[in-house]
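Participant: I have a structure I would like to understand better, so I am pasting it below and will then ask my questions one at a time.
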Amino acid sequence: EAQVTQNPRYLITVTGKKLTVTCSQNMNHEYMSWYRQDPGLGLRQIYYSMNVEVTDKGDVPEGYKVSRKEKRNFPLILESPSPNQTSLYFCASSSPTGTGGWDTEAFFGQGTRLTVV
Amino acid sequence: AQSVTQLDSQVPVFEEAPVELRCNYSSSVSVYLFWYVQYPNQGLQLLLKYLSGSTLVESINGFEAEFNKSQTSFHLRKPSVHISDTAEYFCAVLLPDYKLSFGAGTTVTVRA
């Protein structure tokens, strides 16, 4: 079954304690990204990766890090979490076509609800 | 900058009534447009998409959306909703760097 798997689904942590949210996809997609979802703001992109070892900032990258050492994995790292990073996080993957367009959908994980106290 | 505006944050509707969710985008280039649905406590699922061709696109569960270039709109409609359509709906536009830019979302609550 094609899927994007995030772990953990729920996490409560304290300010300053480093954490990693994992994301893995089994579709051999080149493109992966992280979003955060906040009420009234929709989804905002944190970081994205076009392929292995290629990552770039999205709209709200401050306080986050990512890595793409393997095609299937794209972990999100919070080196020193703060309460304003309390949010619902989604990982997504997709595969732009060879013609330069995008005729496949973006697949989303189930989400990780993070609370920083 | 390209962006997406969803004009309604909350849409309450009775079962079997029609619903329309409005979406406008700003773009100076050709766009790919999407509607995603998020059911309670779940991730986002693609509902339908417009890439090119016919301006009217349909989903398997009765939703349709029409791409209107002159009005820069991509409104979502369903002629008769069910309780199971209760969800949050997001309009999105694909930017040239393959980033999906999302609207703020519209929460649809279907009541019996």
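These protein sequence lines map, in sequence, to chains A and B.
Residues 30 to 146 (our numbering) are what the first sequence spells out, left to right.
Residues 37 to 148 (our numbering) are what the second sequence spells out, left to right.
Every residue, glycine too, gets a C-beta built ideally from N, C-alpha and C.
Bear in mind that the values here come from a model prediction, so they are computed numbers and not experimental data.
(1) Leaving aside the five residues before and after P104 of chain A along the sequence, list all residues of the same chain whose C-beta is less than 8 angstroms from its C-beta, in chain order.
(2) Output, in chain order, the set of chain A residues within a Cβ distance shorter than 8 angstroms of A140 of chain B.
(3) Tell me whether Q114 of chain A sits in a helix, a strand or coil according to DSSP, three-state version.
(4) List, in chain order, every chain B residue whose beta-carbon is nearer than 8 angstroms to that of G87 of chain A.
(5) Report, in whole angstroms, the separation of the C-beta atoms of Y86 of chain B and F110 of chain B, which I expect to be a contact under 8 angstroms.
(6) List the residues of chain B that G92 of chain A touches, going by C-beta distances under 8 angstroms, in chain order.
(7) Whose Cβ in chain B lies nearer than 8 angstroms to the Cβ of P125 of chain A?
(8) To the nearest angstrom, how far is it from the Cα of Y77 of chain A to the Cα of A121 of chain A?
(9) Any beta-carbon of chain A closer than 8 angstroms to the one on Q46 of chain B?
(10) Of the choices A:P90, A:S62, A:K46, whose alpha-carbon is the least far from that of V81 of chain A?
(11) Please decide whether F126 of chain B counts as near chain A, where near means a Cβ-Cβ distance under 8 angstroms.
Facilitator: Judging by the given coordinates:
(1) Counting only Cβ-Cβ distances below 8 angstroms, and skipping sequence neighbours, we find T49, V50, T51, C52, V95, S96.
(2) Those within 8 angstroms of A140 of chain B in chain A are G69, L70, G71.
(3) helix
(4) Listed along chain B, the residues sitting closer than 8 angstroms to G87 of chain A by beta-carbon distance are K135.
(5) Between Y86 of chain B and F110 of chain B the beta-carbon gap is near 7 angstroms, inside 8 angstroms, which marks them as a contact.
(6) Correct list: empty, because the minimum Cβ distance to chain B is about 19 angstroms.
(7) Y134
(8) 9 angstroms
(9) no
(10) When only C-alpha atoms are compared, the closest one is A:S62.
(11) yes
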